[in-house]
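Structure record follows, encoded as structure tokens.
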Amino acid sequence: FDDIMGFYEVFSTIEPFDQYLANYLSAALFVCGKHLLQNQNATEALNSFKKADLISKSKPSLVKEISLTLISAGKYDLAKPFLEKLPDDVKKSNEFVVAEFNLLLSTKNSANILMRGMEVIKEGIAEESIFETVLKTMVELKRSASAIDDVFYKAITAFPKRKDDFEKIIKT
2 FDDIMGFYEV
12 FSTIEPFDQY
22 LANYLSAALF
32 VCGKHLLQNQ
42 NATEALNSFK
52 KADLISKSKP
62 SLVKEISLTL
72 ISAGKYDLAK
82 PFLEKLPDDV
92 KKSNEFVVAE
102 FNLLLSTKNS
112 ANILMRGMEV
122 IKEGIAEESI
132 FETVLKTMVE
142 LKRSASAIDD
152 VFYKAITAFP
162 KRKDDFEKII
172 KT
């Protein structure tokens with residue numbers, strides 16, 4: 002990590018800098034940030050992510066990975082500045098919607114989880130874990146049988162091999 006930071010310090014003083022090298026250095030800084038985040042050092046991870054973003058000139062693919070990494074770690078507040086740099090089509094991608102839904106699960110607010118899950122399903126995003134969570138939440142909140150059946154039908158249409166699993170959820 003120290004070597005990468007040292008390379009960054011030297012590289013950031015070079016004008017104009019080679020974009021080919023910047024791509025490698027920003028990728029290395031991203032990996033360092035991810036490692037630091039996994040080791041519970043969010044401050045240093047954020048520092049590394051910011052440097053990666055800067056040196057890459059906010060390359061959308063890198064900013065996307067930084068955002069997803071922070072969201073996956075439950076650091077939505079740290080992800081916000083990176084998310085703001087992304088085009089709307091990237092933020093509305095299935096990958097982002099699923100990551101944000103998974104973050105919502107940590108709130109344990111069943112009503113909000115159900116509401117957002119139903120929105121995601123209505124948007125046509127087919128993700129097994131979302132169907133599973135929505136069905137469990139509907140059963141937990143004692144939603145009507147017809148509403149549960151509607152989501153169940155959508156789930157088995159999207160994932161026919163999981164029919165037995167989804168049936169177990171609604172039979173509980």
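Letter by letter, the sequence shown follows residues 2 to 173 of the numbering used here.
Ideal Cβ placement from N, Cα and C applies to all residues, glycine included.
Item to complete: Please say whether Val140 and Ile149 have beta carbons closer to each other than 9 angstroms?
Response: The residue labelled residue 149 in the question sits at position 148 within the sequence shown. The residue labelled residue 140 in the question sits at position 139 within the sequence shown. Yes, the pair counts as a contact, with Cβ atoms nearer than the cut-off.
| message | Here's the rule I'm using: 16 or more other beta-carbon atoms within 10 Å means buried, otherwise exposed. How should Ser62 be labelled? | response | The residue you call residue 62 lines up with position 61 of the sequence shown. Answer is exposed; the Cβ neighbour count stays below 16.
### Message
DSSP three-state label for Arg117, please.
### Response
Your numbering for residue 117 matches position 116 in the sequence shown. DSSP places Arg117 in helix when its eight states are reduced to three.
Where does Ala53 sit, in a helix, a strand or coil, going by DSSP? Looking up residue 53 in the sequence shown gives position 52. Correct three-state label for Ala53: helix.
- Query: In chain order, what residues of the same chain have a beta carbon less than 7 angstroms from the beta carbon of Ser111, not counting five sequence neighbours either side?
  - Reply: Position 110 of the sequence shown, counted from the first residue, corresponds to residue 111. Hits under 7 angstroms: Thr138, Glu141, Leu142.
Practice item. For Leu105, I'd like the list of residues in its chain whose CB is within less than 8 angstroms of its CB, leaving aside the five on either flank, ordered along the chain. Key: What you label residue 105 is simply residue 104 of the sequence shown in a count that begins at 1. Cβ neighbours of Leu105 beyond the five flanking positions: Asn113, Ile114, Arg117.
Taking just the CA atoms, how far does Lys92 sit from Glu129?
Within the sequence shown, numbered from 1, the residue matching residue 129 stands at position 128. Within the sequence shown, numbered from 1, the residue matching residue 92 stands at position 91. Near 20 angstroms, if we compare the C-alpha coordinates of Lys92 and Glu129.
Exercise for the section: Please report the residue range of the alpha helix (DSSP H) in which Gln39 lies. Expected result: Here residue 39 is taken as the residue at index 38 of the sequence shown, counted from 1. Residues 20–39.
| query | For Gly125, is the classification buried or exposed, using 16 other Cβ atoms within 10 angstroms of its Cβ as the cut-off for buried? | reply | Here residue 125 refers to the residue found at position 124 when the sequence shown is read from its first residue. Classification of Gly125: exposed, given that the 10 Å Cβ count is below 16.
**Prompt:** In chain order, what residues of the same chain lie with their CB nearer than 6 angstroms to the CB of Ala74, ignoring the 5 residues before and after it?
**Reply:** Counting from 1 along the sequence shown, the entry for residue 74 is found at position 73. Closer than 6 angstroms at the Cβ level, and outside the excluded window around Ala74, lie Leu38.
Any idea what DSSP makes of Ala127, helix, strand or coil? As a first step, residue 127 must be located in the sequence shown, where it is residue number 126. Coil, per DSSP.
Lys143 - DSSP class collapsed to helix/strand/coil: As a first step, residue 143 must be located in the sequence shown, where it is residue number 142. If DSSP states are grouped into helix, strand and coil, Lys143 belongs with coil.
In terms of alpha-carbon separation, which member of Leu71, Ile5, Glu96, Ser107 lies closest to Val121? Translated into the one-based positions of the sequence shown, residue 121 becomes position 120. Answer by Cα proximity: Glu96.
Next item on the list: Specify, as a first and last residue, the run of the alpha helix (DSSP H) that Leu106 falls within.
Entry: Taking the first residue of the sequence shown as 1, we reach residue 106 at position 105. Run containing Leu106: 95–106, per the alpha helix (DSSP H) assignment.
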